[in-house]
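Chemist: Got a structure for you, questions after.
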Amino acid sequence: MPRFLKEFFNRNGLGVGLVMLGLVLFWTIGLIILPQLSMLDFSFRHNLPPPAYGGPSDTYTLENYQYLIFGPEGGSQSYNAVDLKVFYRTIIAAIFVTIFNLILCYPIAYYLGQSKGNHIRIFALMLIIPYWINEILRAFALRIIFGESGVINSVLMGLGIFDAPFDFIRNDIALYAGLGYAYILLMIFPIYNVIESLDRNQIEAARDMGASWTKIHRRVVIPYAKPGISSGCTMVFMLSAGALAAPQILGGPSSLWFTQLIYQQFNDNNDWPQGAAYAIVLLVTCILLVLAIMRLFKVNMGDIGK
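To convert, count from 1 in the sequence shown and add 1; that's my numbering.
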């Protein structure tokens, strides 16, 4: 038996250890790996009626992936401009949402991690309580807030900044704000958990040596908080790129998200192989992009898992 398993069973006991290990394996294999493998298999299949499954025409093909790049055969364009544009816009938007969340959440996480007192607990509770409400209900609430007769337009028009209501929905401002708000805790708490363990004496020593706050954060805090930053950015980016509820509710007529195309293939077109191919492309692209960014900033997988 491997050493880490022996230590695990010695720490938790044989019975509890087997239960915990079984639940982890069930979660990892049964709910993550096997469904993804099934979807990968679907993505190489022809779109056939159920009675034809396993028949002579049920063979593997690359046409579902070719459709994403080149579109339907005999089309007027040499490539699938619409779907590729939606895919590109989704990835870029997810990156900007991640950067926006990092800029917004880093000061909050630093304040939570380096401050003491009961007011910090109250502040943290105020951050958590809104997330007791379902994500879809929060998205509809944001749609009301950003609507033409919503709170923001009412305040801006009352102050005389706008003469007529501004369409936050059509201009995608509500969508990006909703995506940023939906995953804000996933950015704050990983960074907070790391910064909380940072010895304040390091910051005080840097201040005594004349370092500015900018240099203190750049040379002391951010390198120490890199595991939390990488973990938060990974979760926010992956979930933003794969979001469906917020784009459906808060998106304007020209803000189609790639996950909406996947949804349409599965449910509206009843084309599961095509939807599976689109989903696999999105998953693999996000994973490769995350690995590339980790390599660029010299972050390893162990840092994200801390």
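All C-beta atoms in this analysis are idealised placements derived from N, C-alpha and C, irrespective of residue type, glycine included.
1) How many angstroms separate the CA atom of residue 175 from the CA atom of residue 181?
2) What is the DSSP secondary structure of residue 219, reduced to helix, strand or coil?
3) Check this for me: beta carbons of residue 228 and residue 282, under 8 Å apart or not?
4) Starting from residue 288, follow the alpha helix (DSSP H) in both directions and report where the run begins and ends.
5) Is residue 266 near residue 275, with beta carbons less than 8 Å apart?
6) Restricting to Cα atoms, I'd like to know which of 221, 239, 171 is closest to residue 202.
7) Using DSSP with H/G/I as helix, E/B as strand and the rest coil, what is residue 61?
8) Using the Cα positions of residue 159 and residue 143, report the straight-line distance between them to the nearest angstrom.
9) Measuring straight from C-alpha to C-alpha, what distance separates residue 151 and residue 90?
10) For residue 46, count neighbouring Cβ atoms within 10 angstroms of its own Cβ and tell me buried if that reaches 16, exposed if not.
11) Between residue 53 and the rest of its own chain, which residues show a CB-CB distance below 7 Å, the 5 nearest in sequence each way excluded?
12) Looking at residue 238 and residue 99, is the spacing between their C-beta atoms short of 8 Å?
13) Compare the beta carbon distance of residue 278 and residue 39 with 8 Å and say whether it is the shorter of the two.
14) Taking DSSP as the reference, what is the three-state secondary structure of residue 208?
15) For residue 4, which three-state DSSP category applies?
Modeler: Taking the structure as given:
1) As a first step, residue 175 is located in the sequence shown; it is residue number 174 there, counting from the start. As a first step, residue 181 is located in the sequence shown; it is residue number 180 there, counting from the start. Their Cα atoms are separated by approximately 10 Å.
2) For this step, residue 219 is matched to residue 218 along the sequence shown. It is helical.
3) The residue labelled residue 228 in the question sits at position 227 within the sequence shown. The residue labelled residue 282 in the question sits at position 281 within the sequence shown. Contact: no.
4) Here the question's residue 288 lines up with position 287 in the sequence shown. Element bounds for residue 288: 273-297.
5) Within the sequence shown, the letter at position 265 stands for residue 266. Within the sequence shown, the letter at position 274 stands for residue 275. Yes. Within cutoff.
6) Position 201 of the sequence shown, counting from 1, holds the residue named residue 202. The residue with the shortest Cα to Cα distance from residue 202 is 221.
7) Within the sequence shown, residue 61 is the residue found at index 60, counting from 1. Three-state DSSP puts residue 61 in a strand.
8) The count along the sequence shown starts at 1 and reaches residue 159 at position 158. The count along the sequence shown starts at 1 and reaches residue 143 at position 142. The alpha-carbon separation between residue 159 and residue 143 amounts to approximately 20 Å.
9) Here residue 151 corresponds to residue number 150 of the sequence shown, with the count starting at 1. Here residue 90 corresponds to residue number 89 of the sequence shown, with the count starting at 1. Going from the Cα of residue 151 to the Cα of residue 90 covers about 27 Å.
10) For the purposes of this step, residue 46 is taken as the residue at position 45 of the sequence shown. Residue 46 should be labelled buried.
11) Along the sequence shown, one-based indexing puts residue 53 at 52. Answer for residue 53: 59, listed in chain order.
12) Here residue 99 is taken as the residue at index 98 of the sequence shown, counted from 1. Here residue 238 is taken as the residue at index 237 of the sequence shown, counted from 1. For residue 99 and residue 238, yes; Cβs fall inside 8 Å.
13) Numbered from its first residue, the sequence shown carries residue 278 at position 277. Numbered from its first residue, the sequence shown carries residue 39 at position 38. Their beta carbons are not under 8 Å apart, which means residue 278 does not touch residue 39 by this criterion.
14) The residue given as residue 208 occupies position 207 in the sequence shown. DSSP places residue 208 in helix when its eight states are reduced to three.
15) On the sequence shown, residue 4 is found 3 positions in, with the first residue counted as 1. Note: residue 4 maps to helix in three-state DSSP.
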